[in-house]
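Enquirer: For the sequence shown, the residue numbers in mature numbering (1 follows the signal peptide of the UniProt record, and there is no 0) are -18 to -1, 1 to 171. The C-beta atom is built at its ideal place from N, Cα and C for all residues, glycine as well. Values in this document were obtained by computation on a predicted structure and should not be read as measured data.
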Amino acid sequence: MKLLKALMLLLAVTVLFACSKDDDTPPDPPIEEATGIEGEWQLEEYDYSGSSTVSHEDFTYTSSYAAVAKNLNVKLTIKTDPNTWSTEGNYTLELTTTRDGETSTREIVVNDLANAGSFVLNEDQFHPENQNPGFPEPGEINPMDITSFTIEELTSSRMVLSFEETHTTTENGLQGETTVKGTQVYKRL
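#1: Going by CA-CA distance only, name the one from Ile19, Gly155, Glu111 that's closest to Leu58.
#2: Which runs of the beta strand (DSSP E) spanning at least 3 residues fall entirely within the region 11 to 54, listed in chain order?
#3: Which partner residues of Gly64 appear in the DSSP bridge assignment?
#4: Evaluate Thr137 with the Cβ neighbour count: other Cβ atoms within 10 Å of its Cβ, from every protein chain shown; 16 or more gives buried, anything less gives exposed.
#5: Take Ser139 and list the residues in its own chain whose beta-carbon comes closer than 8 Å to its own, dropping the five residues that flank it on each side.
#6: For Phe133, which three-state DSSP category applies?
#7: Whole angstroms is fine: what's the gap from Thr87's alpha carbon to Ser34's?
#8: Give the secondary structure of Asp94 by DSSP, where H, G and I count as helix, E and B as strand, and everything else as coil.
#9: Taking the beta strand (DSSP E) that Leu156 falls in, what are its first and last residues?
#10: Count the other C-beta atoms from every protein chain shown that fall within 10 angstroms of the C-beta of Thr152, then say buried if there are 16 or more, exposed otherwise.
#11: For Ser138, name the three-state secondary structure that DSSP assigns.
#12: Pull up the distance between the alpha-carbon of Asn53 and that of Thr160, whole angstroms please.
#13: Can you pull the DSSP bridge partners for Glu146?
#14: With 16 as the cutoff for other CB atoms within 10 Å, does Asn97 come out buried or exposed?
#15: For Asn72, does the three-state DSSP call read helix, strand or coil?
#16: Buried or exposed for Gly83, going by 16 or more other Cβ atoms inside 10 Å?
#17: Suppose the cutoff is 6 Å on Cβ atoms and the five residues either side in sequence are ignored; what does the same chain contact list for Tyr43 look like?
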């Protein structure tokens, strides 16, 4: 019985001193949680490049292009109830094209950009369902509609979107293929 009392006393003393405040270590700082895509974003960087090829039985015509945006003043607003996005603003695009071995560079001013649409968000894929954030309608500046953006980075202050697509067409015996690859970097407002 004395042995049992001695063991109980030893256990109580061990528990008492093992829980001393001197042994407490401060908790790790909280890890910043990545916030959602919803919010207002300022476009800070924007570039893309690609090529177009048109083929027929007797010939193949290839051109390439690269574009870098500057003087950026574009705001992207993303809402998730319902899933909608809108862009507004302007920028200047420095577009370099190479056709038949000749390279030319020119600046194209994109004023009064005002696009809006809905989207589907699937893990790291942002799929605009109509039009494209940051792009005017397809044409001289934009060779095609982008159907998917990969969210490369998303933090409380920064979002990086990338895109890479190939579109193939056949019309009147001509076969065409256009590729584009690019990046958009945003800062949360």
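Expert: Inspection of the coordinates gives the following:
#1: Numbered from 1 along the sequence shown, position 76 holds the residue referred to as residue 58. Taking only the C-alpha atoms, the option nearest Leu58 is Ile19.
#2: 21 to 37
#3: Residue numbering aside, residue 64 sits at position 82 when the sequence shown is read from its first letter. Here residue 64 turns out to be Pro, not Gly, going by the sequence shown. Partner(s): none; Pro64 has no beta bridge.
#4: Walking along the sequence shown from the start, residue 137 turns up at place 155. So Thr137 ends up on the exposed side.
#5: In the sequence shown, counting from the first residue as 1, residue 139 sits at position 157. So the qualifying residues of the chain are Lys169, Arg170.
#6: As a working mapping, residue 133 is identified with position 151 in the sequence shown. Per the sequence presented here, residue 133 reads as Ile, with Phe not at that position. Strand, per DSSP.
#7: Translated into positions along the sequence shown, residue 87 becomes position 105. Translated into positions along the sequence shown, residue 34 becomes position 52. When rounded, the distance between both Cα atoms is 17 Å.
#8: Translated into the one-based positions of the sequence shown, residue 94 becomes position 112. Asp94: strand per DSSP, three-state reduction.
#9: Within the sequence shown, residue 156 is the residue found at index 174, counting from 1. Leu156 -> beta strand (DSSP E) spans 156 to 170.
#10: Within the sequence shown, residue 152 is the residue found at index 170, counting from 1. Per the 10 Å Cβ criterion, exposed.
#11: In the sequence shown, the residue the question calls residue 138 occupies position 156. In the structure shown, Ser138 sits in coil (DSSP, three-state: anything other than H, G, I, E or B).
#12: Against the sequence shown, residue 53 aligns to sequence position 71. Against the sequence shown, residue 160 aligns to sequence position 178. The straight-line gap from Cα to Cα measures roughly 27 Å.
#13: For this step, residue 146 is matched to residue 164 along the sequence shown. According to DSSP, which records beta bridges pairwise, Glu146 is partnered with Lys163.
#14: Counting from 1 along the sequence shown, the entry for residue 97 is found at position 115. Label assigned to Asn97: buried.
#15: Here residue 72 refers to the residue found at position 90 of the sequence shown. Asn72 falls in the strand class under three-state DSSP.
#16: Here residue 83 refers to the residue found at position 101 when the sequence shown is read from its first residue. That one is exposed.
#17: Translated into positions along the sequence shown, residue 43 becomes position 61. Within the same chain, Tyr43 has close Cβ partners Val36.
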